[in-house]
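One structure below.
Numbering (full-length UniProt numbering), first residue to last: 1 to 257.
Laid out in structure tokens, this is it:
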């Protein structure tokens, strides 16, 4: 918790690892959390606008998590997915590939078998922007008349293609826009793909952070957002089973003051 001029801000940090000796030390975690909280002091809304939006790596995993939910067998056979019937279609830019690598040593999502006892295997879900596979277990595959992809219980170690730019380079590429570091609410309609969530982060001008932002809403449609991914950074998030860097989206609506 940080406080200045009558305003209080809070933030957090954490670490996760399958090996205890590889965890970050508590002091560095506390310092990171304190720095993040202090950097948010003086936060304010921005006027409503349409600008590029950069999702930090820890939040970008949630975007791809929503994509995984939309191509999962349970959503598809219930006809409750905005990506129903999109197998074989271009959903992302051609340079982007999303694949599963379930047998990485010490990775968070590694598993030799899925929830049905089927052996897991490496495979792509998206190749050169095209959806090439759904996420299926035995039951959902049978409901859809398709074979299991050995994903009963979910995916294992998802990798998203990334470039060689770190977050600072992506900010420079963005020029003017919003860096999002916190999301609030559950504003995704899985049937239509409409996306609207409360957000906080930092306003960027000329590729540099200017001030902290709070009390804004970012909105778009997930299918448009996927197609408008401009770049994925090399600042990979390693604390979950979805490995992605920061994601820059060409344009979203930011609703503020």
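Beta carbons: idealized from backbone N, C-alpha and C, even for Gly.
All of these numbers come straight from a predicted model, not from anything done at the bench.
Between residue 64 and residue 242, the beta carbon gap of about 5 Å places them in contact (Cβ cut-off 8 Å). Counting other Cβ atoms within 10 Å of its Cβ, residue 52 reaches 16 or more and is therefore classed as buried. Taking all protein chains in view, the Cβ of residue 246 is crowded by 16 or more other Cβ atoms within 10 Å, so the residue is classified as buried. Judged by DSSP in its simplified three-state form, residue 114 adopts coil rather than helix or strand.
Residue pairing by DSSP puts residue 194 in a beta bridge opposite 221.
Three or more beta-carbon pairs separated by less than 8 Å link the segment 225 to 243 to the segment 148 to 162, which places the two stretches in contact.
Residue 257 is positioned such that its CB atom lies closer than 9 Å to that of residue 48. Excluding five sequence positions before and after residue 214, the CB atoms of its chain that fall closer than 6 Å to its own CB belong to 43 and 200, given in chain order. Residues 137, 138 and 152 of the same chain have their beta carbon placed closer than 6 Å to that of residue 116, with the five preceding and five following residues left out of the count. Residue pairing by DSSP places residue 99 opposite 124 and 159 in a beta bridge.
A straight-line Cα-Cα distance of about 38 Å links residue 126 and residue 31.
When the beta-carbon positions are compared, residue 18 and residue 107 come within less than 9 Å of each other. The DSSP-derived three-state label of residue 16 is coil. In this structure, residue 120 lies away from residue 135, with their beta-carbon atoms at least 9 Å apart. In the same chain as residue 228, and ignoring 5 residues on each side of it, the C-beta atoms closer than 6 Å to its own belong to 249 and 250, in chain order. With contacts defined by Cβ atoms closer than 9 Å, residue 71 and residue 37 do not form a contacting pair.
Inclusion of residue 46 and residue 254 in the CB contact set at 9 Å is warranted, their separation being smaller than that value. Here residue 166 is exposed. Its C-beta has fewer than 16 other C-beta atoms within 10 Å.
A residue is called buried when at least 16 other Cβ atoms come within 10 angstroms of its Cβ; residue 57 meets this threshold and is buried. In the structure shown, the three-state DSSP call for residue 144 is helix. The Cβ-Cβ distance between residue 190 and residue 81 falls below 9 Å.
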